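Asks: One structure follows; several queries about it will come next.
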Amino acid sequence: MAVSSGFRPTTDDLVLSSGNKEIFMNMFMQLMKKGVEFKLREPVINFVEPGELNGILDRFTVKQEGIELVELLNDFETLGKYSLNFSSANFLAQPDSGNSIAGLLGEIGKVFLQQNTVNYEYSPAATLLEIKLLTLLREIIGYQVLPNPELLAVNTGGAFTFGGYGSNMSCLLAAREKLKEKLRAQGKIFNPRRTKVIAAVPFAHYSLRRSLDILGLGNKDLSDIQLVENGLDREATIHVETEHFRMNISDLECKIVEAEADGTDIMAIYAIAGESRAMGFDQLAEIAELARKHDIWLHVDACQGGQCLFSPKLRRTLLNGIEQCDSIALDPHKVFLLPYNLSAFFLRNPKDLYLLPKGSTIISNEDDSLGKFTPGIGSKGFISLKLYFMLRHWGLENVGLEIDRRHELALRTVDMTGQFEQLVVLNPEPQHNSVMLMYKTPGYRHDHVLFNQVNQKIHKRMTEHGTYMVHTFPSIDDESVISSNKSVQFYPLRLMFGNPNSTEENILGCLKTIIDLGDEILRELNVE
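Numbers given in my numbering equal positions in the sequence shown, counted from 1, plus 382.
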């Protein structure tokens with residue numbers, strides 16, 4: 383339908399009313415039909431180069447005159463054609479499938495309810511249900527749940543945010559304020575230039591570095607001369623050595639002792655439960671013991687691995703001691719088949735929420751208002767409704783079974799790679815649902831340049847072909863499968879499982895595609 387420059391809509395054309403509800407319902411159902419078709423579409427992506435895609439989207443412009451609703455449906459269909467389908471069974475790059483039926487319905491329902499959970503007055507039912515949901519998650523973590531007869535937001539000891547970045551930053555903000563309290567009691571002054579966080583830096587999520595920058599730690603503003611003159615380090619992190627994709631406990635203790643000896647204030651230990659490469663899990667119970675011994679805040683980034691809280695078996699083996707951590711970040715949108723975005727953070731002591739910046743006295747300073755305790759976020763929709771829908775629809779037992787299935791699929795994937803001499807696995811004993819593998823090139827144990835070059839080319843061609851998608855990133859070989867030299871960066875092809883529609887057949891097809899592309903690239907490079 384051509385866009386008419388004479389289109390002059392009235393209010394009845396633009397705003398939902400009883401008079402146009404049938405038109406809206408018709409458009410809504412067409413949009414839902416196109417959305418479902420996209421979710422069930424293969425291939426994973428119709429790849430085109432950015433320049434070409436920009437040309438295709440040239441008509442996507444906002445003009446002085448409006449357009450008919452049907453044109454928006456056409457725009458949506460075009461956007462879908464060139465968008466990545468996370469719900470494809472062949473999308474094995476991330477667990478974020480976003481295809482829970484209940485979760486999708488919850489996201490749609492949120493839009494219609496139009497609740498602003500910044501304060502209770504604007505969202506009474508949504509606020510109370512969100513408090514109940516936060517309390518449930520708190521119980522599942524193993525944190526103490528305070529008597530909450532009035533369902534006060536503060537008693538949840540946590541809040542929902544839009545992503546792991548926001549959740550990790552909120553917890554580190556609480557850790558910073560707690561350190562200030564401790565130093566004040568000792569008659570000392572907080573000095574952000576000499577305050578650090580201890581972490582396994584190569585495996586820490588990017589949100590750690592960004593959070594420390596926002597919280598004012600580190601000395602990136604100083605010149606090299608100023609750093610030397612003042613005896614300061616540029617970075618705000620202390621790096622702990624790793625093995626098997628997790629912190630080395632002995633080195634952690636050494637780094638704590640060294641930092642205390644030179645007068646460094648340790649704001650927090652940043653542990654990881656399910657790091658975003660190989661899904662390595664730090665030994666939380668042992669780290670918690672060290673944290674208590676040295677009176678240091680212990681934060682755990684469980685955005686990926688927090689899903690294992692729902693599996694009794696995996697919780698015992700991977701998350702032992704998580705209830706002893708001072709703060710936790712979780713990402714339901716990564717692991718519960720939910721549409722973006724939804725994350726959460728929790729503090730072991732609920733009253734530590736009062737450490738965070740207070741809300742405005744105008745709209746969110748009441749203890750029953752969620753916005754009072756969410757740093758960096760004011761107005762916020764009922765974003766947790768999709769998680770409530772999903773958990774209520776599935777039930778906790780079925781969620782646990784799905785988490786176990788993912789782990790078993792990772793183990794089975796390692797077994798399947800054993801059929802192919804062309805593949806090597808960098809984490810041959812997956813801790814959960816991630817498998818990092820690489821196509822072997824001649825002399826791959828010594829010629830790392832060719833090894834990385836070919837595997838990066840494989841990833842690029844897989845994306846261009848669009849049938850399968852995996853992830854790649856720089857990583858050290860922490861299992862010493864290829865090299866014990868941890869200064870060498872490798873670029874593995876990572877398969878991660880979170881979509882119940884992905885089966886062994888999809889994985890096998892992906893492995894064969896990797897091998898075929900690797901063989902093809904070697905021929906092109908004239909490598910035998």
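Built from N, CA and C at the ideal position, the CB exists for glycine as well.
A quick note: this is a predicted structure, and the numbers were derived from the prediction, not measured.
Please list the terminal residues of the continuous alpha helix (DSSP H) segment that includes residue 547.
Replies: That run of the alpha helix (DSSP H) goes 546-567.
Asks: Spell out a yes or no on whether the stretch 833-851 and the stretch 898-906 are touching, meaning 3 or more CB-CB pairs, one atom from each, closer than 8 Å.
Replies: yes
Asks: Using the C-alpha atoms, what's the distance from residue 432 back to residue 596?
Replies: 32 Å
Asks: Rounded to whole angstroms, what is the Cα-Cα separation between residue 892 and residue 854?
Replies: 14 Å
Asks: Are residue 871 and residue 661 close, meaning C-beta to C-beta below 7 Å?
Replies: Taking 7 Å as the Cβ cut-off, residue 871 and residue 661 do not qualify as a contacting pair.
Asks: To which residues of the same chain is residue 545 closer than 6 Å at the C-beta, ignoring the five residues directly before and after it?
Replies: When the five nearest sequence neighbours on each side are left out, the beta carbons in the same chain lying within less than 6 Å of the beta carbon of residue 545 are those of 723, 725, in order along the chain.
Asks: Report the residue from 825, 874, 487 whose alpha carbon sits nearest the alpha carbon of residue 910.
Replies: Closest in C-alpha terms to residue 910, from the list 825, 874, 487, comes 825.
Asks: By alpha-carbon positions, which one of 828, 695, 834 ends up nearest to residue 785?
Replies: 695
Asks: Beta carbon of residue 473, beta carbon of residue 426: below 7 Å?
Replies: yes
Asks: Reducing DSSP to helix, strand and coil, say where residue 647 ends up.
Replies: strand
Asks: Identify, in the order they occur along the chain, each residue of the same chain with its Cβ nearer than 8 Å to the Cβ of residue 903, setting aside the five sequence neighbours on each side.
Replies: 836, 839, 840, 843
Asks: Could you check whether the stretch 691-711 touches the stretch 490-507, counting it as contact only if at least three pairs of C-beta atoms, one from each stretch, sit closer than 8 Å?
Replies: no
Asks: Run through DSSP, which three-state label would residue 868 get?
Replies: coil
Asks: How many angstroms separate the CA atom of residue 768 from the CA atom of residue 719?
Replies: 10 Å
Asks: Could you give the DSSP three-state label for residue 826: helix, strand or coil?
Replies: coil
Asks: If contact is defined by three or more beta carbon pairs under 8 Å, each pair taking one atom from either stretch, is the stretch 488-497 in contact with the stretch 431-449?
Replies: no
Asks: Give a yes or no on whether the C-beta atoms belonging to residue 773 and residue 499 are separated by under 7 Å.
Replies: no
Asks: Whole beta strand (DSSP E) runs in the stretch 786-842 with 3 or more residues, listed along the chain?
Replies: 805-807, 816-821
Asks: Check each candidate in 574, 791, 705, 727 and name the one with the smallest Cα separation from residue 552.
Replies: 727
Asks: Let me check one thing: in DSSP terms, what residues is residue 578 bridge-paired to?
Replies: 648
Asks: Cα separation between residue 470 and residue 421?
Replies: 7 Å
Asks: With three or more beta-carbon pairs closer than 8 Å as the criterion, would you say the stretch 451-465 touches the stretch 872-885?
Replies: no
Asks: So, for residue 336: in the same chain, excluding its five sequence neighbours on each side, which residues have a beta-carbon less than 7 Å away from its beta-carbon?
Replies: In the structure as shown, the chain begins at 383 and stops at 910. Residue 336 is therefore absent and cannot be evaluated.
Asks: With a threshold of 16 other CB atoms inside 10 Å of the CB of residue 792, please say whether the residue is buried or exposed.
Replies: Under this definition residue 792 is a buried residue.
Asks: Does residue 877 come out as helix, strand or coil in the three-state DSSP assignment?
Replies: In the three-state scheme derived from DSSP, where H, G and I count as helix and E and B as strand, residue 877 is classed as strand.
Asks: Express the C-alpha separation of residue 448 and residue 383 in angstroms, rounding to a whole number.
Replies: Because residue 383 sits at a pLDDT of 44, beneath the cut-off of 50, its placement in the model cannot be relied upon, and the point is left open.
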